[in-house]
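Residue numbers (UniProt numbering): 1 to 118.
The structure appears right after this line, and notes come after that.
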């Protein structure tokens, strides 16, 4: 074709980004996976009110001024309010993140192995 320029533009499937559609980014907005969206380049960007420290799992507002937090005492041990409940760090559990997780609680070792919580 004389005088014409052909260009190819790929349309990636949802959750895939990049020139070859190989970069995966899913925006879950959940306690376990984080509170972020994927920008046009497929990079994670925290939703408003969530900190990029710790993969968008930590709120930037303290619980006592967080409109979303219905828990007057706030979440403990680094937990953050989300939809009126506490999102706990991976090493704590409970409704207020008050209980340390016991990695040996379910006896994860096989063949008479001894589990030690460090």
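Backbone N, C-alpha and C define an ideal beta-carbon position, used for all residues, glycine too.
None of these values were measured; they are calculated from a predicted model.
Contact check, residue 38 vs residue 57, beta carbons under 8 Å: Position 38 of the chain shown, counted from the start, is the residue given in the question as residue 38. Position 57 of the chain shown, counted from the start, is the residue given in the question as residue 57. Cβ atoms of residue 38 and residue 57: not closer than 8 Å.
Buried versus exposed call for residue 95 [16 or more other C-beta atoms within 10 Å across all chains shown]: Residue numbering aside, residue 95 sits at position 95 when the chain shown is read from its first letter. Answer is exposed; the Cβ neighbour count stays below 16.
Helix, strand or coil at residue 98 according to DSSP, with G and I counted as helix: Mapped onto the chain shown, residue 98 falls at position 98. Coil, per DSSP.
Bridge partners - residue 34, DSSP secondary structure assignment: Within the chain shown, numbered from 1, the residue matching residue 34 stands at position 34. According to DSSP, which records beta bridges pairwise, residue 34 is partnered with 30.
Cβ neighbour criterion (16 or more within 10 Å) applied to residue 81: Position 81 of the chain shown holds residue 81. The residue in question, residue 81, is buried, as its Cβ has 16 or more Cβ neighbours within 10 Å.
Straight-line Cα distance separating residue 90 from residue 98: Working through the chain shown from its first residue, we reach residue 98 at position 98. Working through the chain shown from its first residue, we reach residue 90 at position 90. Their Cα atoms are separated by approximately 12 Å.
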